[in-house]
Amino acid sequence: MDKAMAEGGRARRVTMLDVAEAAGVSYQTVSRVINHHPSVKPETRARVLDLIQQLNYRPDRAARSLAAHRSWTLAVISCGIEFYGPMQMLINIEHSARVAGYDVLNANLGLHQEVSLHSALDRLFSWRVDGALLIASVAAQSAEHVIEQLSGAPLILIDTAYGSSAPSVIIDQHAGGVAAARHLVDLGHRDIALICGPDDWYGALTRREGWIAGLRDAGITPALIEAGDWTPASGYQAATRILDADVRCTGLLVGNDAMALGAISAMKARGLAVPGDVSVTGFDDMPESAYFDPPLTTVAQDFPELGRQGMAYLIDLIGDPEAANGQRLIPPRLVVRASTAACA
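Everything in the sequence shown is counted per our numbering, starting at 239 for the first residue and increasing by one.
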């Protein structure tokens with residue numbers, strides 16, 4: 239640590255040689271770690287990365303760019319980040335990129351009309367980014383423009399419906415839907431309604447398909463299918479429509495935790511107990527969902543792992559364009575809490 243101070247007590251910039259000396263390795267080894275070279279032992283890589291953080295070492299970006307013919311800058315292009323899931327994807331991808339030594343430039347397609355999209359992307363890509371990640375949660379035409387414009391460049395799709403052959407990383411939301419449906423079936427529920435998200439969202443469609451598949455395995459058809467826009471208010475309204483339809487419903491599968499919060503409020507407003515009269519599940523496992531009344535049974539998505547795998551895949555592609563090997567799946571996890579119980 240003393241190396242960070244020059245004579246006279248004036249702080250000086252920590253160098254790669256300082257890191258190498260502290261780690262007991264060569265200058266070349268530190269360079270390989272910074273440039274993600276595969277020939278470094280995992281324990282050595284971990285030690286060097288730890289010292290880089292401790293010493294607050296910041297590589298000279300201009301020198302790195304000249305040496306490696308890279309800008310060390312990535313584009314992260316997103317849709318729908320006003321909602322919890324896409325925002326968590328963005329936060330964790332940015333974190334993983336910075337841990338890997340990259341700067342990040344953002345473009346939110348939700349802020350652009352189609353007419354201004356091309357100019358926004360032109361400005362973004364004028365930085366000569368090394369690669370890009372597209373959080374394609376919404377099946378928007380704007381996402382198609384991005385894929386066309388980036389044709390031939392290293393690109394990883396996140397949370398996408400563009401097919402298993404595309405270089406992509408997704409959380410297996412279909413499997414999460416199946417798990418939630420089977421949970422209610424295992425509790426003895428057979429009269430189960432659905433509150434889905436918007437039809438133009440990849441997650442909404444795959445979660446619904448998972449629910450229906452899980453129910454079909456038990457010989458059950460949904461009692462009713464409603465939809466919302468991911469907000470608590472829309473969950474409240476969709477649950478109210480289900481209650482007004484006067485169909486028997488002892489279980490409710492809801493597309494995200496925010497809509498589940500609204501649905502629970504609607505049940506209580508009609509004098510129904512959760513889970514005594516109706517069991518309710520959500521999706522996402524927002525931090526707040528453990529403190530709903532009652533605490534919400536939900537499907538947890540591993541957003542940090544999504545960020546790590548998305549970045550690792552992109553770095554592989556930047557180093558070797560032939561590294562593309564289709565879609566990588568991250569399993570979700572059912573979190574059982576007090577909003578579900580055995581059917582009375």
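Just so you know, even glycine gets a beta-carbon here, dropped at the ideal spot from N, CA and C.
Remember, predicted model here, so these are calculated numbers, not experimental data.
Same chain only: Cβ atoms within 7 angstroms of Ala456, ignoring 5 sequence neighbours per side | Exclusion of the five residues before and after Ala456 leaves Val423 as the residues of its chain whose Cβ lies within less than 7 angstroms of its Cβ.
Inter-stretch contact at 8 angstroms, needing at least 3 Cβ pairs: the stretch 526-533 / the stretch 548-560 | Output reads no: the stretch 548-560 does not touch the stretch 526-533.
Segments assigned alpha helix (DSSP H), at least 4 residues, entirely inside the stretch 534-578 | Uninterrupted alpha helix (DSSP H) stretches at least 4 residues long and entirely within the stretch 534-578 occur at 541-557, given in chain order.
Ala284 classed as buried or exposed, judged by whether at least 16 other C-beta atoms fall within 10 angstroms | It is exposed - the Cβ of Ala284 has fewer than 16 other Cβ atoms within 10 Å.
Alpha carbon to alpha carbon, how far is Val574 from Leu534? Give it in angstroms, no decimals.
-> CA-to-CA, the gap between Leu534 and Val574 works out to about 8 angstroms.
Endpoints, the alpha helix (DSSP H) within which Ala442 is located = From DSSP, the alpha helix (DSSP H) with Ala442 extends over Tyr440 to Asp455.
From Asp429, Gln475 and Asp515, residue whose alpha carbon lies closest to that of Val485 = Of the candidates Asp429, Gln475 and Asp515, the one whose C-alpha sits nearest the C-alpha of Val485 is Asp429.
Quick one: grab the DSSP three-state call for Ser269.
-> Of the three classes helix, strand and coil, the one that applies to Ser269 here is helix, per DSSP.
Lys506 versus Val512: straight-line alpha-carbon distance, rounded = Rounded to whole angstroms, the separation of the alpha carbons of Val512 and Lys506 is 8 angstroms.
Counting pairs of beta carbons, one from the stretch 408-415 and one from the stretch 431-449, are three or more of them closer than 8 angstroms?
-> A contact is defined here as three or more CB-CB pairs under 8 angstroms, and the stretch 408-415 meets this definition with respect to the stretch 431-449.
Which of helix, strand or coil DSSP assigns to Met254 = Residue state, collapsed to three classes: helix.
Tell me the DSSP bridge mates of Asp522?
-> Beta-bridge pairing links Asp522 to Ala538.
Since Leu395 is in the beta strand (DSSP E), which residue starts that stretch and which ends it?
-> DSSP places Leu395 in the uninterrupted beta strand (DSSP E) bounded by Leu393 to Ile396.
C-alpha distance - Pro460 paired with Gly323, whole-angstrom precision = So the alpha carbons of these two residues sit roughly 25 angstroms apart.
Where in the stretch 469-517 do unbroken runs of the alpha helix (DSSP H), each at least 4 residues long, occur, reported from the N-terminal end onward?
-> Listed in chain order, the complete alpha helix (DSSP H) runs (minimum 4 residues) inside the stretch 469-517 are 470-482 and 495-507.
Nearest-angstrom Cβ-Cβ length linking Gly500 and Pro470, presumed shorter than 8 angstroms | Between Pro470 and Gly500 the Cβ distance is about 4 angstroms, and since that is below 8 angstroms, they are a contact.
Given a cut-off of 8 angstroms, decide if Met497 and Ser472 are closer than it, judged by their beta-carbon atoms.
-> Yes. Within cutoff.
For Ala313 versus Ala370, is the C-beta distance shorter than 8 angstroms?
-> The criterion of a C-beta distance shorter than 8 angstroms is satisfied by Ala313 and Ala370.
For Ser277 versus Val367, is the C-beta spacing smaller than 8 angstroms?
-> Note that the C-beta distance between Ser277 and Val367 is not below 8 angstroms.
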